[in-house]
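Numbering (full-length UniProt numbering), first residue to last: 1 to 378. For reference, the structure is listed below as structure tokens.
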């Protein structure tokens, strides 16, 4: 077992009862066990809908009491005896997607939601219950993804908080890789102005694609175009009229085939017609990645999907291999995240100010902004 001297206690945000307010408490520092690492937390992202998750509005299931928090940037502070590549002091991204080692179909999101199988629920409740909103977090070894600190911080100039935005890019990359997006192809991202949609635009461009960004907020759409001076990002405002949007998409493609679609619709977009417009314009054999949070049934033109050989592919999160691949893109400088990628850090808060962090995360919910929480001593 490899370790450094760890304190016995730590400050952590705790939710004792489901939907109750979080409390900053002193809790034991977790002990390292085989298959795990203890990570000293440096910076954690706050998703725009964190308030709705933890006040029970979204009804995300998870066990309590719990230390919430779903990903982070930190340093390895202790390692289980079976660790062979991670080192004490190594800068890492804690990946929130936790999978069972004997059945990867059992998967949950750390500190956020218990997953959809009995195995996933057991794994979260009994083994990896607590998340990253603490001074120290115990995480599976395979979820501690090494970051090249020399390259990222000292050569490319990233701040630790910039790197905490990696999570939204990982989600986008999972969907884009799943539909085998290729350099030179044209993809529509819809809607493109939220955190995950904007990350999908930036990631698709980094993968060599041309992007048509759809959304309702014209100012946010324009800011995406402004990120790229080479014309590789075009925009279409969603009008919720099938024919109007179909014509606009064809015009934005400017004669090119639309090869793929990345749909990241929120539940509020369940009645939006944009998916029908996208099916109208996508090429024969095109692929549509469905990564959104729509819980209602959505009608689609069945016959058109059949005649055009369209593949509708659901994708939840991403694989470890995909996560490592995206980190390589960032380290190579091909993909920029955080401030260098146009995603500004609007506010940083200590854990004691979690309510302010939740309010600001909800306020700054577009693609170009994020909010970070940190332990007080950082």
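Glycine included, every Cβ here is placed at the ideal spot set by N, Cα and C.
Take residue i and list the residues in its own chain whose beta-carbon comes closer than 8 Å to its own, dropping the five residues that flank it on each side.
i           : result
residue 28  : 8, 9, 10
residue 17  : 64, 65
residue 86  : 37, 76, 79, 92, 141, 144, 146
residue 151 : 331
Just to confirm the assignment, what range does the alpha helix (DSSP H) spanning residue i have?
i           : result
residue 205 : 195 to 206
residue 167 : 166 to 178
residue 119 : 118 to 126
residue 274 : 274 to 281
residue 23  : Here residue 23 belongs to no alpha helix (DSSP H); instead the beta strand (DSSP E) covers 23 to 28.
Beta-carbon within less than 6 Å of residue i's beta-carbon, same chain only, minus the 5 sequence neighbours each way: which residues are those?
i           : result
residue 308 : 284
residue 130 : 67
residue 459 : Residue 459 is absent from the structure shown; the chain starts at 1 and stops at 378.
residue 199 : 168, 169, 172
residue 358 : 50, 51
residue 42  : 73, 74, 160, 378
residue 162 : 338, 339
residue 349 : 356, 357, 373
residue 242 : 273, 276, 277
In three-state terms, what does DSSP make of residue i?
i           : result
residue 322 : helix
residue 228 : coil
residue 109 : strand
residue 378 : The pLDDT assigned to residue 378 is 47, lower than 50, so where the model puts this residue is not dependable, and the model offers no usable value.
residue 114 : coil
residue 302 : helix
residue 363 : helix
residue 152 : helix
residue 134 : strand
residue 357 : helix
residue 98  : strand
residue 329 : helix
residue 85  : coil
residue 341 : helix
Judging by CA-CA distance, which residue of the options is the nearest neighbour of residue i?
i           : options            : result
residue 90  : 148, 133, 117      : 148
residue 270 : 295, 288, 282, 281 : 295
residue 52  : 39, 74, 21, 77     : 21
residue 288 : 305, 299, 272      : 305
residue 190 : 56, 290, 143       : 290
residue 254 : 264, 263, 236      : 236
residue 298 : 286, 41, 281, 268  : 268
residue 328 : 34, 88, 207        : 207
residue 373 : 32, 33, 50, 19     : 50
residue 280 : 310, 180, 114, 34  : 310
residue 261 : 33, 314, 118, 241  : 314
residue 220 : 205, 238, 204      : 238
residue 331 : 265, 46, 154, 251  : 154
residue 82  : 353, 33, 58        : 33
residue 228 : 241, 135, 217, 210 : 210
residue 347 : 164, 259, 225, 115 : 164
residue 232 : 217, 188, 195, 242 : 188
residue 282 : 230, 195, 185      : 185
residue 35  : 226, 98, 355, 286  : 98
residue 127 : 84, 116, 100       : 100
residue 59  : 39, 264, 115, 26   : 115
Give the range of the beta strand (DSSP E) segment to which residue i is assigned.
i           : result
residue 251 : Per DSSP, residue 251 belongs to no beta strand (DSSP E); it is in the alpha helix (DSSP H), 242 to 253.
residue 371 : 369 to 374
residue 214 : 210 to 215
residue 258 : 258 to 263
residue 53  : Where residue 53 is concerned, there is no enclosing beta strand (DSSP E), although the alpha helix (DSSP H) it sits in stretches over 50 to 54.
residue 145 : 144 to 146
residue 161 : It is not in any beta strand (DSSP E) - residue 161 instead sits in the alpha helix (DSSP H) that spans 160 to 163.
residue 9   : 9 to 14
residue 271 : Taken as a continuous stretch (DSSP letters only), residue 271 belongs to no beta strand (DSSP E), as it is neither H nor E.
residue 192 : Per DSSP, residue 192 belongs to no beta strand (DSSP E) and is neither H nor E.
residue 45  : 36 to 46
residue 348 : 344 to 350
residue 73  : 72 to 79
Which residues in the same chain have their Cβ closer than 7 Å to the Cβ of residue i, if we skip the five residues on either side of it in sequence?
i           : result
residue 324 : 145
residue 5   : none
residue 203 : 169, 172, 173, 176, 335
residue 333 : 156
residue 19  : 55, 56
Give a yes or no on whether 9 Å exceeds the smallest Cβ distance from residue i to chain B.
i           : result
residue 163 : Any reference to chain B falls outside this structure, which holds one protein chain only.
Does the pairing of the stretch 103 to 123 with the stretch 163 to 175 give three or more beta-carbon distances under 8 Å?
In this structure the stretch 103 to 123 does not lie against the stretch 163 to 175, because fewer than three pairs of beta carbons, one per stretch, are closer than 8 Å.
Please determine if the stretch 266 to 284 and the stretch 241 to 248 are in contact, where contact requires at least 3 C-beta pairs separated by less than 8 Å.
With the cut-off at 8 Å, the stretch 266 to 284 and the stretch 241 to 248 touch.
Report yes or no: do the stretch 169 to 186 and the stretch 319 to 338 share at least 3 C-beta pairs separated by less than 8 Å?
The answer is yes - the stretch 319 to 338 touches the stretch 169 to 186, with three or more Cβ pairs under 8 Å.
Any contact of the stretch 325 to 344 with the stretch 363 to 374, i.e. 3+ C-beta pairs under 8 Å?
Counting Cβ pairs under 8 Å, three or more are found: they touch.
May I ask you to verify whether the stretch 113 to 127 touches the stretch 157 to 165, counting CB pairs closer than 8 Å and requiring at least 3?
The count of Cβ pairs closer than 8 Å, one atom from the stretch 113 to 127 and one from the stretch 157 to 165, stays below three, leaving the stretches out of contact.
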